[in-house]
Amino acid sequence: MAEKKEYKVIGTRPIRHDGVDKVTGRALYGADFQMTGLLHGRVLRSPHAHARIISIDTSRAEAYPGVKGVVTAQDLPEAEDRVADLGEGAVNLKYLCDNILASDKVLYKGHAVAAVAATSPHIAEEACTLIDVEYEVLPPVLEVRQAMEADAPLLHESLKTTSMGEAADEPSNVASHIQHKLGDPEKGFAEADIVVERDFVTGTVHQGYIEPHNATAHFNQDGQLTIWCSTQGAFTVREQVAEILQYPISKIKVVPMEIGGGFGGKISVYIKPVAALLAKKTGKPVKVLMNRADVFEGTGPTPASYVRVKMGATKDGKITAAEAYLAFEAGAYPGAPVGPGAMCIFAPYSIENVVIDGYDVVVNKPKTAPYRAPGAPNAAFGSESVVDEIAEKLDIDPLEIRLLNGAKEGDRRADGPIHPRIGCIETLETAKAHPHYTAPNGKKHHGRGVASGYWFNIGLESSVTINVNSDGTINLIEGSTDIGGTRSSIAMQAAEVLGIPAESVNPSVVDTNSVGYTAVTGGSRTTYATGYAAYEAAQDVKRKMSARAAKLWEVDEDNVQFADGEFSCINGKEEQISFRDLCARLGETGGPVVGSGTVNPGGAGGAYATHVVDVAVDEETGKVEILRYTAVQDAGKAIHPSYVEGQIQGGAVQGIGWALNEEYIYDDEGTMTNASFLDYRMPTCLDLPMIDAVIVEVPNPGHPYGVRGVGEVPIVPPMAAIANAIYDAIGVRMTELPMSPDRLLKAMGKI
Amino acid sequence: MARKSHVQTTINGETVEFLCESRQSLLEVLRDELYLTGAKEGCNNGNCGACSVILDGRLVNSCLVLGVETEGKSVETIEGLAEPDKLHPIQDAFLENAALQCGICTPGFIMSAKALLDSNPNPTEHEIRYWLAGNLCRCTGYDKIVKAVMDAAKEASA
Ligand code: FES
Ligand code: FES
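Residue numbers (our numbering), protein chains in the order written: chain A, 422 to 1172; chain B, 73 to 230.
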């Protein structure tokens, strides 16, 4: 499996199947959904970051002309205090429900409290102002270290720290403590000639998808609930809504509309159960849309964090020990991605002695949600900055020290798993040989930096059905919502098996009643796992079609061979028929052919990236300009290279935004003061150069074509790469994100 | 309920009449009254460009224009760009260059690029980046979008 091979379809760059719909404005996204009799819903949100709800009076809103129904947490069934796995990781249902509509306490500004359905969105919005909520305002906790202090105000009176499986007696804001240990860190540090230790702080940042959350729900008279929405996973929406409403999954159909970006932020549900409650109450279909401020204040950002990293090395650059302390803000409810951060932090290196401590801490900010390689960028900002400092102090080239210590097949990650075949060294070597790295870089206040990153990728369940058409094409049915061209990368794998062009596949993403269970589009799994299911479904088609050829030729099935789109008889008879011609003869040979493939593959195979960046620092203003950017990444096998490059470029640019501009700015009361795209400043095209994406292909043994997930790892290296470039430019180590002009001026001693 | 006004305007070359409340933006009218959902709402306050349309030859954010303001004017939206059997060269260039991922920003970028190329058929890379800075894309890192617009310009002048 997965040897280097020549492919016909894989590795080419066909026009994506949904392309014309998307460039003509025809593609229907969640908010575009229309239906007769539609009502419009609006959510009332808490103005306080931390408060007890004393009472909610909805009578004035209910009496307002045009209002058809109002709901609060009272309309939700009582939630069990139980943990369920509903998508990307486990969720406590009580917390999940309270995040949908607050019952006893509001835990962040923007926390949903009630919702109104009315005949127009404007009326719904006006009616929200007529809901009277009485709060007892409590002091907020807005920073992870402050939240960990013994006398910090508590968010949850019942939350007790679980430390490596054991629960503490006293309540705390620290939900859990994990530790991974490898070898003997003390001994490792004793062997070091040089030890560098630094602490790092990163701000709260948002996924920033351009499409706000949306949901339209309708209850039929027979109790069938249908939800049309944008989501990364229709099946996880079905599961979450079923748990929250305590309603059977068999009575819920989720129709995934086109989705305008997610990056991890459209896995958890927010307004979908609210739309369902309003639909139930009013007996009408109800559409709920968030506005941009709702998205910032009411949906998962990714954690702010405090990270401390200590690493030791011998004079010749061998890293002997590493230690990390990761404290992540979970937001209002437990579940910060500190686990993944701990899995990834030292994974680009082969280090014998490691200890990593991770803390998941609640604070009065929105409940965090996954964001592209969740947890890994926070961690890598620390570790990759420290590696750079060690290299500089030992006067070793920063790529050289990474090569010297680079992770290889057979090495053990600190949290346990042994690396299979990985491309860490290959990406480093490619970066080192790239003309960018060897180009001169001598100007004043210009600097170059590098950093590496790792993400483990996931597999999970996927299902694909293929219906064969009489004209030699196939209809491919899948359940993975397409956020970045995966209809094509999945279709191409089926096309490769069947020896037909990519254009002969019609891929469709369908609702939860129409395809087998498929996990979320997340964890960089879609082209890998759903592609794998498409491969299996196409193999199934191939087997069934071979049987049809055997029937035509009146030979044994074993005598039929398939290669290059042709079935041929290998025993005596000189028979041959193309896939296309055989498709026209299915009726006479037994009826339609349908192939299916289902997988839950274990061999996702981790991805490595190394980025090289040149910056210019403006000494007067503190502004950092990105002059040149090269991102090298192991994709295993790039099915559609353009969309692999796109993932790399997009991830790198999100990282650039995180590094230089993006953060939630809070006032003392816990109000985000920059909840708009004007003030929460994501990169525009004017802030950037072209991003040179370089694909390395070290095939993943866990996939028939060698695919590795590519979506997430490119956001891991940019922050440290840019920090290291800034150091190279002005000799100052930046340890706080974002590295905005004011922080640079402060670091340079100018203000 | 607020009273509705009658408005007559031209959309993609066709005369269109609609009723709207004076507080409804052009974006709301296009999407909710006329079912032209190609223009998208990303922010509703002029910061993302997803709602870009061309009004009397000028690029605007339709979320910042009121529906009633379009009386007697001419609006071009993404739905009017392609010919029945042929895409507009900018649309082709976006597809050829894989300049979209999720595609939610795409109609806005294409309308914005059209307004640019209508007024400046041979823009430099910097001019393209400057012009498109009012359109946000979170997926692509802009690389392939900028290349698509450069290609479309080349195509048009060839
Ligand atoms: S929706 Fe109009 S600019 Fe964002
Ligand atoms: S393609 Fe998703 S925002 Fe641009």
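Just so you know, even glycine gets a beta-carbon here, dropped at the ideal spot from N, CA and C.
Predicted model only: the values in this text are computed from it and were never measured.
One question on the structure: do residue i and residue j come within less than 8 Å of each other, judged by their Cβ atoms?
i, j, result
"residue 436/A", "residue 153/B", "no"
"residue 1132/A", "residue 1076/A", "no"
"residue 762/A", "residue 796/A", "yes"
"residue 772/A", "residue 742/A", "yes"
"residue 1221/A", "residue 686/A", "Since the first residue of chain A shown is 422 and the last is 1172, residue 1221/A is not available in this structure."
"residue 560/A", "residue 542/A", "no"
"residue 1015/A", "residue 959/A", "no"
"residue 842/A", "residue 1122/A", "yes"
"residue 951/A", "residue 883/A", "yes"
"residue 1156/A", "residue 619/A", "yes"
"residue 778/A", "residue 598/A", "yes"
"residue 1116/A", "residue 1059/A", "yes"
"residue 1091/A", "residue 635/A", "no"
"residue 481/A", "residue 576/A", "no"
"residue 474/A", "residue 523/A", "yes"
"residue 1025/A", "residue 1127/A", "no"
"residue 697/A", "residue 631/A", "no"
"residue 901/A", "residue 939/A", "yes"
Pull the bridge partners of residue i from the DSSP assignment, please.
i, result
"residue 375/A", "With chain A covering only 422 through 1172, there is no way to say anything about residue 375/A."
"residue 1200/A", "The displayed coordinates of chain A run from 422 to 1172. Any statement about residue 1200/A would go beyond what the structure contains."
"residue 670/A", "Answer is none; residue 670/A lacks a bridge partner."
"residue 583/A", "588/A, 597/A"
"residue 493/A", "535/A"
"residue 148/B", "126/B"
"residue 872/A", "1032/A"
"residue 116/B", "According to DSSP, residue 116/B bridges with nothing at all."
"residue 92/B", "77/B"
Which residues bound the alpha helix (DSSP H) around residue i?
i, result
"residue 746/A", "Per DSSP, residue 746/A belongs to no alpha helix (DSSP H); it is in the beta strand (DSSP E), 740–752."
"residue 969/A", "952–974"
"residue 1145/A", "1139–1151"
"residue 640/A", "It is not in any alpha helix (DSSP H) - residue 640/A instead sits in the beta strand (DSSP E) that spans 635–640."
"residue 927/A", "Run containing residue 927/A: none in the alpha helix (DSSP H); it sits in the beta strand (DSSP E), 926–930."
"residue 1054/A", "Note, residue 1054/A: premise wrong, no alpha helix (DSSP H); beta strand (DSSP E) at 1045–1055."
"residue 178/B", "178–191"
"residue 909/A", "907–919"
"residue 1064/A", "1062–1081"
Out of the options, which one is the CA nearest neighbour of residue i?
i, options, result
"residue 621/A", "1080/A, 905/A, 1126/A, 942/A", "1080/A"
"residue 444/A", "228/B, 206/B, 173/B, 192/B", "173/B"
"residue 89/B", "80/B, 97/B, 95/B, 96/B", "80/B"
"residue 1032/A", "744/A, 1026/A, 1003/A, 1070/A", "1070/A"
"residue 105/B", "114/B, 119/B, 76/B, 116/B", "76/B"
"residue 799/A", "434/A, 1136/A, 457/A", "1136/A"
"residue 749/A", "595/A, 873/A, 935/A", "595/A"
"residue 896/A", "878/A, 929/A, 914/A", "929/A"
"residue 468/A", "1171/A, 876/A, 553/A", "553/A"
"residue 846/A", "768/A, 1093/A, 909/A, 483/A", "768/A"
"residue 124/B", "99/B, 229/B, 85/B", "99/B"
"residue 87/B", "206/B, 143/B, 133/B", "143/B"
Grab the span of the beta strand (DSSP E) containing residue i for me, first residue to last.
i, result
"residue 684/A", "Looking at the DSSP string, residue 684/A is not in any beta strand (DSSP E), and its letter there is neither H nor E."
"residue 77/B", "76–83"
"residue 834/A", "From DSSP, residue 834/A is part of no beta strand (DSSP E); its letter is neither H nor E."
"residue 133/B", "130–133"
"residue 988/A", "987–990"
"residue 781/A", "775–783"
"residue 648/A", "646–650"
"residue 461/A", "460–466"
Throw me the rounded Cβ distance for the residue i and residue j pair, which I believe falls under 8 Å.
i, j, result
"residue 716/A", "residue 693/A", "Residue 716/A to residue 693/A, Cβ: 14 Å. No contact."
"residue 185/B", "residue 224/B", "7 Å"
"residue 690/A", "residue 700/A", "Residue 690/A to residue 700/A, Cβ: 15 Å. No contact."
"residue 825/A", "residue 852/A", "Contact flag wrong, Cβ pair sits at about 14 Å."
"residue 193/B", "residue 228/B", "6 Å"
"residue 446/A", "residue 148/B", "Rounded, the Cβ-Cβ distance is 12 Å, inconsistent with contact."
"residue 688/A", "residue 791/A", "6 Å"
"residue 593/A", "residue 608/A", "The Cβ separation is near 33 Å, so there is no contact."
"residue 984/A", "residue 1052/A", "Wrong, their Cβ atoms sit about 38 Å apart, outside the cutoff."
Tell me whether residue i counts as near ligand 4, meaning its Cβ is closer than 7 Å to at least one heavy atom of that ligand.
i, result
"residue 209/B", "This structure lacks ligand 4; its bound ligands are ligand 1 and ligand 2."
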